[in-house]
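Novice: Take this structure, written in structure tokens, and hold onto it; I'll ask about it next.
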Amino acid sequence: MVTFKNLSAYEGTPPKDGESRKITGGPLYKLAEIQALAATPDAVKLWTGKCRRDVANLTLDAADVGALLQELTERDYRDSEWCDNGKGAWAACDAYNLRRNEYVETAGKTLRIEYFLKFALSKTGKLVLMVSCHT
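Start counting the sequence shown at 201; every next residue gets the next number (this note's numbering).
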């Protein structure tokens, strides 16, 4: 029997196979608390392999992701759900869409870019566990 651990600060039990991953009533975490934590060095952890690949493909690093988190507002909130890291650990996550204008050198102009950010506060309250960061 496989035991799944909840590594997030959210008190709850990860879903069983076939159950919905969605969590109603979110956001689960105070955005100001996440942003304050993301502003500290080494507090943003790229928690899943997919997140690490996506961040590398964007030519960003964990500090850059922390800066993106700083730009979120409460109206950017999308939904909440359970996410796993593929190694038996789960986290209850909030998902946000960040829209901002960026100069894209290859296009030679400023374009509207939308980032999808999904994260959890660690059980210890000292890390932001990034599950997704992509455009």
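For each residue, glycine too, the CB sits at the ideal point set by N, CA and C. It should be emphasised that the depicted structure is a prediction, and the values quoted were computed from it without experimental measurement.
1. Could you tell me the distance, in whole angstroms, from the CA atom of Gln270 to the CA atom of Phe319?
2. Is it buried or exposed for Pro214, if we count other Cβ within 10 angstroms and need 16 for buried?
3. Taking only runs of the alpha helix (DSSP H) that begin and end inside the segment 225-282, which ones reach a length of at least 4 residues, in chain order?
4. Out of Glu314, Gly212 and Tyr210, point me to the one whose CA is closest to Leu272's CA.
5. Could you check whether Ala209 and Leu321 sit closer than 8 Å to each other, using their CB atoms as the reference points?
6. Closest to Met185 by CA distance: which of Arg275, Lys245, Asp261 and Gly218 is it?
7. Mind checking which residues open and close the beta strand (DSSP E) that includes Ser332?
8. Which same chain residues, not among the five before or five after Leu327, have their C-beta less than 7 Å away from its C-beta?
9. Between which residues of its own chain and Lys222 is the CB-CB distance below 6 Å, once the five residues before and five after are set aside?
10. Specify the secondary structure class of Glu305 as computed by DSSP and reduced to three states.
11. When DSSP labels each residue in this structure, what does Leu207 get in the three-state scheme?
12. Mapping DSSP to helix, strand and coil, what is Asp294?
13. So, with DSSP's three-state summary, where would you put Asp284?
14. Beta-carbon within less than 6 Å of Asp284's beta-carbon, same chain only, minus the 5 sequence neighbours each way: which residues are those?
Specialist: Judging by the given coordinates:
1. 13 Å
2. buried
3. 231-238, 249-257 and 262-271
4. Glu314
5. yes
6. The chain is shown only over 201 to 335; residue 185 falls outside these bounds and no answer can be derived.
7. Val328 to His334
8. Ala243 and Lys245
9. Glu281
10. coil
11. coil
12. strand
13. strand
14. Trp290
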